[in-house]
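Student: Got a structure for you, questions after.
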Amino acid sequence: MSPGAAEGGFETSSAATKKHSKKPKYSRFTQQELPACKPILTPGWVITAFIFIGIIFIPIGLASLFASENVVEIADRYDEDCVPSIYASDTLAYIQSSQTNKSCTKTLTVPKKMKNPIYVYYQLDNFYQNHRRYVKSRSDKQLRSKANEFETKDCSPEATVLVSNKEMPIVPCGLIAWSMFNDTYRFSLNDKAIQVNKKGIAWKSDREYKFGSDVYPKKFQSGVIGGAKLDENIPLSQQEDLIVWMRTAALPKFRKLYGKIEVDLEANEKITVVIQNNYNTYSFRGKKTLILSTTSWIGGKNDFLGIAYLTFGGLCLFMVISFIFLYVVRPRPLGDPSYLSWNRNPDGLLLN
Amino acid sequence: VCCRVSPLQKAQVTSLVKKGARKITLSIGDGANDVSMIQAAHVGVGISGLEGMQAVMASDFAIAQFRFLTDLLLVHGRWSYLRICKVVTYFFYKNLTFTLTQFWYTFQTGFSGQRFYDDWFQSLYNVIFTALPVIMVGLFDKDVSASLSKKYPELYKEGIRNTFFKWRVVATLAFFALYQSLIVYNFVIASSSISVDSSGKMFGIWDVSTMAFNCIVVTVNLRLLMMCDTITRWHHISVGGSILAWFVFILLYSGVYTPRGIYSVFYVLISTIYFYVILLLVPVVALFGDFLFQGVQRLFFPYDYQIVQEMHRHEPDGSSAGLLEIGNQLTPDEARSFAVAQLPGEKSKHTGFAFDSPGYESFFASQAGVLAPQKPWDVARRASMRSRAKTPRKN
Chain A
1 MSPGAAEGGF
11 ETSSAATKKH
21 SKKPKYSRFT
31 QQELPACKPI
41 LTPGWVITAF
51 IFIGIIFIPI
61 GLASLFASEN
71 VVEIADRYDE
81 DCVPSIYASD
91 TLAYIQSSQT
101 NKSCTKTLTV
111 PKKMKNPIYV
121 YYQLDNFYQN
131 HRRYVKSRSD
141 KQLRSKANEF
151 ETKDCSPEAT
161 VLVSNKEMPI
171 VPCGLIAWSM
181 FNDTYRFSLN
191 DKAIQVNKKG
201 IAWKSDREYK
211 FGSDVYPKKF
221 QSGVIGGAKL
231 DENIPLSQQE
241 DLIVWMRTAA
251 LPKFRKLYGK
261 IEVDLEANEK
271 ITVVIQNNYN
281 TYSFRGKKTL
291 ILSTTSWIGG
301 KNDFLGIAYL
311 TFGGLCLFMV
321 ISFIFLYVVR
331 PRPLGDPSYL
341 SWNRNPDGLL
351 LN
Chain B
1 VCCRVSPLQK
11 AQVTSLVKKG
21 ARKITLSIGD
31 GANDVSMIQA
41 AHVGVGISGL
51 EGMQAVMASD
61 FAIAQFRFLT
71 DLLLVHGRWS
81 YLRICKVVTY
91 FFYKNLTFTL
101 TQFWYTFQTG
111 FSGQRFYDDW
121 FQSLYNVIFT
131 ALPVIMVGLF
141 DKDVSASLSK
151 KYPELYKEGI
161 RNTFFKWRVV
171 ATLAFFALYQ
181 SLIVYNFVIA
191 SSSISVDSSG
201 KMFGIWDVST
211 MAFNCIVVTV
221 NLRLLMMCDT
231 ITRWHHISVG
241 GSILAWFVFI
251 LLYSGVYTPR
261 GIYSVFYVLI
271 STIYFYVILL
281 LVPVVALFGD
291 FLFQGVQRLF
301 FPYDYQIVQE
311 MHRHEPDGSS
321 AGLLEIGNQL
331 TPDEARSFAV
341 AQLPGEKSKH
351 TGFAFDSPGY
361 ESFFASQAGV
371 LAPQKPWDVA
381 RRASMRSRAK
391 TPRKN
């Protein structure tokens, strides 16, 4: 009856029964006893986080907005102006005929000094380069290498042409290439031509890897003409207009890089631009705009990032103030048991 | 209180409560006669042990001792409810956010059905990029520790009142999913509509969508961390690992040539300052709404478990003290009955007077060195036999 005997008895019996123990092997993972941090979102943390965000975001917003404000952009919509008045009621006839004179002269005024490089863009509106059938209509394999010339699976209807009863592939095939933009712009200042550099307008990876240097255009625009014609002697990797065009845009209103002007333009200068208004946007009421723009470290003239950062940083600081105010007005001491629901309404336990 | 009931009557009483009072019923039993009751209730708990394994085989949960029922209900049952709610609501939320961004894009494609994201992004989103962290939450999340769960059994009411899966909770989450999808989509689209680089070059559809997908993966994973009450090392590993897996995947996918639009997209993206600027802005703005909501909710409309957390926030994490330990902390009575149960003779299912003879038991007890208590009828019988000649007890 002595505790010693009982303990001793238990010890020996447990030694005898240890081999029968069904206790599972202990590990912190299986017993859910991993060390953990249990974060509690106290008002202190909320206020600290908001202050921190506000302090970081406002300077970034200011820097972005400052950069964007320093970008100078000239935009000039020309698709309506460049149709001669006699064809004003029948623009389609004008644009589709090869006899009409497509030349159009416009004057642009430089609002502020523009430092080189000045980028020339063409902007299209209501042109759905992101339409499902359009995006599909290309053959990347064919663009990359001459050996894949016959890979025109997704390109129909611009996939092959019948040449003396044999199906010959169109290179580059597909609707994207077929509808390539073909307006041209020639700039001059005080009767002196301004050179537009058309090299290096496509992303380097496209030029080097996506478009092969052994692929030459073949049978291109041999049926219904949808856009630009390509020089059959220049390989695709050097046809930068095509490369830029084939990087399909995300939105129906998009701009693409046409070239670079590498001289400075002073304020109030009058630039004359001769536009060849070749591209047909009239059949679907699309718009064409010519854009000249400088860039900054954050890109073109887009206040969005700067405004977003500033607004949000300001909002965070405002939240700090209102949170502090609300906390002062209606404080809740941390860990106060009187806020437990069964302490607040004691008969709540009996109800469901 | 019912006594002398047959197994059928036990089942009938359970069904009466189940259907009549329309409550969730739990029945617990250890013998073969409890099987029908266990099967009749919503939750059946069987105790494995002396009476055999029939109850265990018919039950939903099997425990070893009756006292483990507190842990089953108050600790593990409660945690289980919390974890399931978090996992299910998180799954809806992350897919809603992801899919809504695609939905907003359809307005810009002339409703032609062009997808915003590449096929591989969509397929692997739920498989690699967002799968593991939510599993970690489902395994390890605890709102309060085990000992606190037992100290405040009223916390169990949260499950009964369905606090974490009410329509209001789900609707709030859906609202924030909508808000986040709008933020991600519009910020990325609006900021990339013109050139984003000093080189003046323009992005295409796959650049924009990869940027948006990047923001979605980061946002959704960080949102999970905001949802946790307990953050273990595995949470950090899985969240960080998922985001890292995304970067590894996209670096490989856009690095190795495939005749798809994604080739070299990511390398173009990371060469611009725009990528980092957007990566800082979009997840923070997207999560701002949730963060503010959680801060306000905890301060002005706290749940009970949150108050309990705050009350015990300075206590060390003595998590090993909460869960039951078998065999180490038995009382002396329990230890003795356990030892007696291990005696060879007692393994027999035949109990009753005939098998309780003191000589039988005390022999084995003395062999094993266990103190077997005297049976009361034995003491009484010996007292009444005092006048008879004593037969030797030892064999």
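Residue numbers (UniProt numbering), protein chains in the order written: chain A, 1 to 352; chain B, 1 to 395. Backbone N, C-alpha and C fix where the C-beta goes; we use that ideal spot for every residue, glycine too.
1) Near Ser338/A, what residues of its chain come up, given a Cβ to Cβ distance below 6 Å and the 5 sequence neighbours on each side ignored?
2) Starting from Gly159/B, find everything on chain A with Cβ-Cβ shorter than 9 Å and list it in chain order.
3) I need the straight-line Cα distance from Ile194/B to Ile270/B, nearest angstrom please.
4) Assuming Val263/A contacts Tyr185/A under a Cβ cut-off of 8 Å, what Cβ separation, rounded to an integer in Å, is found between them?
5) At the level of alpha carbons, what is the spacing between Val256/B and Ser123/B?
6) Does the beta carbon of Arg77/A come closer than 8 Å to any beta carbon on chain B?
7) Given His42/B, which residues of its chain have a CB within under 8 Å of its CB, disregarding the five upstream and five downstream residues?
8) At a CB-CB cut-off below 7 Å, which residues of chain B make contact with Ser205/A?
9) Do you know whose CA, among Ile60/A, Glu266/A, Glu240/A, Asn130/A, lies nearest Asn197/A's CA?
10) State yes or no: is the C-beta of Phe220/A nearer than 7 Å to some heavy atom of the ligand PLP?
11) Taking 8 Å as the threshold (beta carbon to beta carbon), is Met53/B in contact with chain A?
12) Once the 5 residues before and after Ile298/A are set aside, which same chain residues still bring their CB inside 7 Å of it?
13) Could you list the residues in the stretch 279-305 of chain A with a C-beta less than 8 Å from some C-beta on chain B, going in chain order?
14) Measure the C-alpha to C-alpha separation of Ser384/B and Asp333/B and round it to an integer number of angstroms.
15) In angstroms, rounded to a whole number, what distance separates the CA positions of Thr163/B and Met136/B?
16) Starting from the beta carbon of Tyr128/A, find every residue of chain B whose beta carbon is closer than 8 Å, and list them in chain order.
17) Taking 8 Å as the threshold (beta carbon to beta carbon), is Leu315/B in contact with chain A?
18) With distances taken from CA atoms, which of Pro235/A, Pro217/A, Gln238/A is nearest Lys229/A?
19) Taking residue 354/A and Ile291/A to be in contact with their CB atoms under 8 Å, please state how far apart those CB atoms are, rounded to whole angstroms.
20) Mind checking if Trp234/B is an interface residue toward chain A, Cβ cutoff 8 Å exclusive?
21) Does the beta-carbon of Gln9/B have 16 or more other beta-carbons within 10 angstroms, so that it is buried, or is it exposed?
22) Could you pull the start and end residues of the alpha helix (DSSP H) that Thr172/B belongs to?
23) Along chain B, which residues have their Cβ under 8 Å away from the Cβ of Cys155/A?
24) Cβ of Met168/A less than 8 Å from any chain B Cβ?
25) Assuming Asn277/A and Asp125/A are in contact, meaning their beta carbons sit under 8 Å apart, how far apart are those beta carbons, in whole angstroms?
26) By a C-beta neighbour count over all protein chains shown, 10 Å radius and 16 as the cutoff for buried, is His314/B buried or exposed?
27) So, do the stretch 262-276 of chain B and the stretch 215-223 of chain B have three or more beta carbon pairs nearer to each other than 8 Å?
28) Under the rule that 16 or more other beta-carbon atoms within 10 Å means buried, what is Leu224/B, buried or exposed?
29) Which complete beta strand (DSSP E) runs does the stretch 85-144 of chain A hold, if anything under 3 residues is left out?
30) Let me know the beta strand (DSSP E) ranges lying completely inside the stretch 238-306 of chain A, each 3 residues or longer, listed in chain order.
31) Of the residues Leu317/A, Arg247/A, Leu143/A, which one's Cα is nearest the Cα of Lys47/A?
32) How should Glu151/A be labelled, buried or exposed, when 16 other C-beta atoms within 10 angstroms of its C-beta is the threshold for buried?
33) Note down the Cα distance separating Leu143/A from Leu236/A, rounded to an integer number of angstroms.
34) To the nearest angstrom, how far is it from the Cα of Asp206/A to the Cα of Trp206/B?
35) On the DSSP bridge assignment, give the partners of Ala40/B in chain order.
36) So which residues of chain A does Phe300/B contact, with C-beta pairs closer than 9 Å?
Tutor: On the basis of the supplied data:
1) none
2) What Gly159/B touches in chain A: nothing, since even the nearest Cβ is about 12 Å away.
3) 17 Å
4) 15 Å between Cβ atoms; not a contact.
5) 19 Å
6) no
7) Lys18, Ile24, Thr25, Leu26
8) Ser264, Tyr267, Val268
9) Glu240/A
10) Among the components modelled here there is no ligand, and therefore nothing to report on the ligand PLP.
11) no
12) Ser64, Ala67, Ser68, Leu305
13) Ser293, Thr295, Ser296, Trp297, Ile298, Gly299, Gly300, Lys301, Asn302, Phe304, Leu305
14) 28 Å
15) 22 Å
16) Thr109, Gly110, Ser112
17) Checking the sequence shown, residue 315/B turns out to be Glu, not Leu. Output row for Glu315/B: interface = no.
18) Pro217/A
19) Outside the shown range of chain A (1 to 352) lies residue 354/A, about which nothing can therefore be said.
20) yes
21) exposed
22) 167-191
23) Near Cys155/A there are no residues of chain B at all, since even the closest Cβ is about 13 Å away, more than 8 Å.
24) no
25) Actually they are not in contact, since the Cβ atoms of Asn277/A and Asp125/A sit about 16 Å apart, beyond 8 Å.
26) exposed
27) no
28) buried
29) 103-109, 118-125
30) 254-261, 270-276, 287-293
31) The question names Lys, but residue 47/A is Ile in the sequence shown. The shortest Cα separation from Ile47/A among Leu317/A, Arg247/A, Leu143/A belongs to Leu317/A.
32) buried
33) 7 Å
34) 13 Å
35) DSSP output for Ala40/B lists no bridge partner at all.
36) Leu326, Arg330, Arg332
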